[in-house]
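So the structure is just underneath, and the comments pick up after that.
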Amino acid sequence: MKKSEHKLILGCASTGAKFTPGNHFITGDKDLDRICAGDSILVSEEELFKEADELYRNGCRYYHYHARNPVTKEQTTDNEVYQRISLGVQARCKDMLISFGASRNGREVQDNISSFGEWERVSQCAVPLHLGGAHFVTMQAAIELQVICDLEKRFKGVSVEFSSSRNFLSAIYDYFPSSKKEKN
């Protein structure tokens with residue numbers, strides 16, 4: 002019997018979906034608030050390419066990216082931002098798999114969805130790889146993130162204590178997405 006070979010692919014989520022300056026309820030914990038407000042997330046092309054180079058040298062072959070407005074650090078639906086980062090990573094890291102997150106949220110994203118329709122959330126799916134797209138776009142995390150963001154709004158934050166309680170499980174179980182119809 003031939004022993005099967007398994008390949009491990011190291012990956013990195015370059016930016017988080019939730020952690021933006023305008024998408025965090027301040028807790029008063031200096032370190033937690035710094036992380037959750039996205040203060041440590043790299044947004045300039047130079048910083049992102051330097052990070053991608055270092056990750057690649059260390060064996061990373063999967064790069065997951067959520068586009069950020071380089072001025073506000075909020076998530077953006079500007080596909081030119083995705084394209085510039087993708088093309089730069091492709092040029093530097095020849096066999097790196099690139100994925101884009103569909104977990105777009107925050108004020109800028111919500112404003113664009115209100116103006117252009119729900120398609121704006123996943124419009125990066127339409128960009129071909131050779132024009133700065135990705136090998137794939139993840140969707141499941143987008144749904145999970147939306148549930149958590151909705152619960153944070155409803156409960157004015159989600160503390161560690163709450164998220165570890167039966168009340169949190171009940172809130173998840175009873176969760177229904179808004180029935181509000183999106184404008185196109």
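Here my numbering runs 1 ahead of the position in the sequence shown, where the first position is 1.
Cβ coordinates follow ideal geometry from the N, Cα and C atoms, glycine included.
Cβ-Cβ separation, residue j to residue i (assumed contact under 8 Å), whole Å
i    : j    : result
V123 : A92  : Wrong, their Cβ atoms sit about 25 Å apart, outside the cutoff.
G39  : F20  : 4 Å
Q76  : H65  : Not confirmed; about 14 Å, so no contact.
L88  : G133 : 5 Å
S165 : V138 : Not confirmed; about 32 Å, so no contact.
G107 : G12  : Going by Cβ atoms, the distance from G107 to G12 rounds to 23 Å, so no, they are not a contact pair.
Collapsed DSSP secondary structure at residue i in the structure displayed
i    : result
H136 : coil
L33  : helix
S124 : helix
L43  : coil
I99  : strand
E183 : Legend: pLDDT at E183 = 44, less than 50; position of this residue unreliable, value from coordinates given subsequently. E183: coil per DSSP, three-state reduction.
Alpha carbon of residue i to alpha carbon of residue j, nearest angstrom
i    : j    : result
Q61  : Q147 : The question names Gln, but residue 61 is Cys in the sequence shown. Rounded to whole angstroms, C61 to Q147 spans 28 Å at the Cα level.
E162 : L152 : 14 Å
N113 : R69  : 14 Å
R105 : E6   : 36 Å
L130 : R58  : 22 Å
S45  : E52  : 11 Å
L170 : V110 : 28 Å
L49  : D79  : 17 Å
F177 : I42  : 31 Å
H136 : V159 : 34 Å
F156 : D175 : 14 Å
C150 : G29  : 19 Å
V128 : C94  : 19 Å
N168 : V72  : 38 Å
W120 : K74  : 22 Å
K182 : E55  : Here K182 scores only 45 on pLDDT, less than 50, and its place in the model is too uncertain to base an answer on.
Bounding residues of the alpha helix (DSSP H) (the contiguous stretch that carries residue i)
i    : result
F117 : 108–117
A174 : Going by the sequence as given, residue 174 is Tyr instead of Ala. Unbroken alpha helix (DSSP H) run through Y174: 167–174.
F50  : 46–58
L88  : 80–93
E162 : 161–164
Continuous beta strand (DSSP E) stretch holding residue i: start and end
i    : result
R105 : Premise fails: R105 is in no beta strand (DSSP E) and is neither H nor E.
L11  : 11–14
R62  : 61–66
Margin query: I want to know whether the segment 82–99 touches the segment 28–35 - three or more CB-CB distances under 8 Å.
Written below: no
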